[in-house]
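Start counting the sequence shown at 2; every next residue gets the next number (the working numbering). For each residue, glycine too, the CB sits at the ideal point set by N, CA and C. On a predicted model such as this, the values are computed, not experimentally measured, just so you know. Accompanying notes for the structure given below.
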Amino acid sequence: MSTKPRILTGDTPTGQLHLGHWVGSLENRVKLQDEYECFFLIANMHAFTTRADKPDEIRRSTLDIVKDWIACGMDPEKSTFVLQTEIPGIAELTWYLAMLLPFNRVMRNPTLKTELEDKGLGDSYSFGFPMYSVGQCADILIFRPELVPVGEDQLAHIEPCREVARRFNQLYCGVNPHTEDDDYVKEGGLFPIPEGKVGRVARLVGTDGKLKMSKSLNNAIFLTDTFKQIKKKMGGLYTGRTAMDEPGDINNALFEYVRAFIADDERIKELEEAYSQGDNIGDGHIKVEIAEHIDKLLEPMRERRVPFEGDEGDKKVLEILREHTRQANNAAEETLYLAKQAMKLDFGKRTLMFE
Ligand code: TRP
């Protein structure tokens with residue numbers, strides 16, 4: 002058993018991961034892998050909340066996201082990949098937590114509302130759709146993590162998770178409601194009150210220069226893009242500037258990219274100075290420089306992906322998931338056992354077997 006503090010985070014498999022995911026959350030995951038015992042969740046059950054009619058597509062994205070993860074440096078030798086649909090304890094805990102969250106509280110979640118708008122779901126969404134936000138609390142709590150590294154949009158899901166963890170600890174573990182968040186476990190609670198952690202760029206602008214980077218908005222640079230693709234996408238970035246000798250605005254989209262992807266602080270300062278003075282430095286030149294830096298970042302990712310290409314790659318992914326499902330269920334079943342014990346539901350011992 003590891004004594005390191007735990008992390009849980011994850012993604013819904015919706016397609017390819019992009020640079021927005023990298024700066025918002027993936028980079029943190031890679032960095033924190035040694036310090037923490039990490040569980041990375043593939044939320045494939047959640048994919049069904051809006052795409053129940055597309056099982057083939059969801060299966061494909063489920064395997065592909067693992068390839069993206071490995072490519073970006075999330076290491077299956079160090080961390081546990083959790084395939085949500087193979088961890089029955091998550092669905093079970095979801096039910097118990099659903100009883101501790103007021104219905105109106107769930108429906109008030111701003112991230113759910115935005116998602117309904119963005120996806121044009123109106124009021125015709127499934128019952129399972131808002132249920133996923135309760136499920137997300139269970140995803141997290143069943144691994145009893147202290148930290149949840151996520152993109153900014155996910156913070157609205159962490160809050161109800163913290164609320165329901167406090168409530169469970171108070172109701173079933175007898176923890177005093179005035180306890181400080183950090184002290185819940187010390188005071189006998191089962192669940193630590195987990196903290197969200199957003200990456201160094203909370204919200205990366207897309208290559209349209211206007212909206213948040215997103216696959217569905219067609220403004221994303223994917224982790225799989227080649228130098229040529231990156232250069233082309235960067236080339237189309239809207240900066241709002243009309244002439245090279247005109248002072249440029251260093252708060253524009255171009256400079257968000259400069260600061261996000263040029264690792265050298267001196268060079269950033271130099272560019273900012275030249276640009277703000279209209280010092281004959283063209284947008285095009287800077288765009289190429291950024292594209293080179295992004296390419297350097299993605300190069301090792303492309304290399305790590307090679308052994309996982311094609312059908313053979315799919316097989317390797319499935320092998321990893323099989324092995325990791327065992328580890329993940331061990332951790333999840335332990336929490337579920339303790340949770341049910343706290344709820345006076347310990348009627349017997351159960352074992353789960355996966356082949
Ligand atoms: N909702 C998250 C997303 O769409 C994915 C997710 C599911 C998740 N369960 C989680 C993220 C638990 C962090 C923690 O990206």
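- Provide the residue(s) that pair with residue 198 in DSSP beta bridges, ordered along the chain. 150
- Query: With 16 as the cutoff for other CB atoms within 10 Å, does residue 195 come out buried or exposed?
  - Reply: The residue in question, residue 195, is buried, as its Cβ has 16 or more Cβ neighbours within 10 Å.
- If we ignore side chains and look at the alpha-carbon of each, how far apart do residue 356 and residue 316 end up? Because residue 356 sits at a pLDDT of 43, beneath the cut-off of 50, its placement in the model cannot be relied upon, and the following sentence gives the value as read from the coordinates. For residue 356 and residue 316, the distance between alpha carbons rounds to 16 angstroms.
- Message: Using the three-state DSSP reduction, which class does residue 237 fall into: helix, strand or coil?
- Response: coil
- Message: Pull the bridge partners of residue 7 from the DSSP assignment, please.
- Response: 38
- Report yes if the C-beta of residue 226 is less than 7 angstroms from at least one heavy atom of the ligand TRP; otherwise report no. No, the ligand TRP has no heavy atom inside 7 angstroms of this Cβ.
- Do residue 147 and residue 7 have their C-beta atoms closer together than 8 angstroms? yes
- Which runs of the alpha helix (DSSP H) fall wholly inside the stretch 297-321 and span at least 4 residues, in chain order? none
- Query: I think residue 144 touches residue 9, with their Cβ atoms under 8 angstroms apart; what is that distance to the nearest whole Å?
  - Reply: 4 angstroms
- Item | Under 8 angstroms between C-beta atoms of residue 151 and residue 62 | no
- Item | Boundaries of the alpha helix (DSSP H) in which residue 104 is found, first to last residue | 104-108
- Okay, do the stretch 157-168 and the stretch 176-195 touch, 3+ Cβ pairs below 8 angstroms being the bar? yes
- Just confirm the distance between the C-beta atoms of residue 287 and residue 222, as a whole number of angstroms; I'd bet it's less than 8 angstroms. Wrong, their Cβ atoms sit about 16 angstroms apart, outside the cutoff.
- Item | Own chain partners of residue 234 with C-beta closer than 6 angstroms, once the 5 adjacent residues on each side are dropped | 208 and 222
- Please name the residue in 299, 199, 322 and 72 whose C-alpha comes closest to that of residue 153. 199
- Query: Would you call the stretch 37-49 and the stretch 129-142 in contact, with 3 or more CB pairs under 8 angstroms?
  - Reply: yes
- Message: Taking DSSP's pairing of strands, which residues face residue 83 in a bridge?
- Response: For residue 83, which the question treats as bridged, DSSP gives the partners 42.
- Report the residue from 178, 262 and 311 whose alpha carbon sits nearest the alpha carbon of residue 289. Residue 262 is the option with its Cα nearest to residue 289.
- Query: Cα-Cα, which of 228, 214 and 245 is closest to residue 257?
  - Reply: 214
- Item | First and last residue of the uninterrupted alpha helix (DSSP H) at residue 62 | 56-73
- Item | Simplified DSSP assignment, three categories, for residue 262 | helix
- Reducing DSSP to helix, strand and coil, say where residue 271 ends up. In this structure, residue 271 counts as helix in the three-state DSSP scheme.
- For residue 17 versus residue 224, is the C-beta spacing smaller than 8 angstroms? For residue 17 and residue 224, yes; Cβs fall inside 8 angstroms.
- Task: Please name the residue, chosen from 171, 102, 115 and 124, that lies closest to residue 137 on a Cα-to-Cα basis.
- Result: 102
- Item | Close beta carbons around residue 246, own chain, < 7 angstroms, minus the five adjacent residues each side | 279 and 281
- Item | Cβ-heavy atom distance, residue 63 to the ligand TRP, below 7 angstroms | no
- If we count Cβ pairs, one from each stretch, closer than 8 angstroms, do we get three or more for the stretch 65-81 versus the stretch 322-333? Yes, the stretch 65-81 touches the stretch 322-333.
- Query: With DSSP run on the structure shown, which of helix, strand or coil describes residue 179?
  - Reply: In this structure, residue 179 counts as coil in the three-state DSSP scheme.
- Using three-state DSSP, classify residue 356 as helix, strand or coil. Here residue 356 scores only 43 on pLDDT, less than 50, and its place in the model should not be relied on; the value that follows carries that caveat. Note: residue 356 maps to coil in three-state DSSP.
- Message: I need the boundaries of the alpha helix (DSSP H) containing residue 130, first residue and last residue.
- Response: 129-142
- Query: Does at least one heavy atom of the ligand TRP sit under 7 angstroms from the Cβ of residue 352?
  - Reply: no
- Whole-angstrom distance between residue 313 and residue 216, CA atom to CA atom: 27 angstroms
- Quick one: measure Cβ to Cβ for residue 191 and residue 340, integer angstroms, because I've assumed they're closer than 8 angstroms. 6 angstroms
- Message: Suppose you measure from the CA of residue 23 to the CA of residue 173; what does that come to, to the nearest Å?
- Response: 38 angstroms
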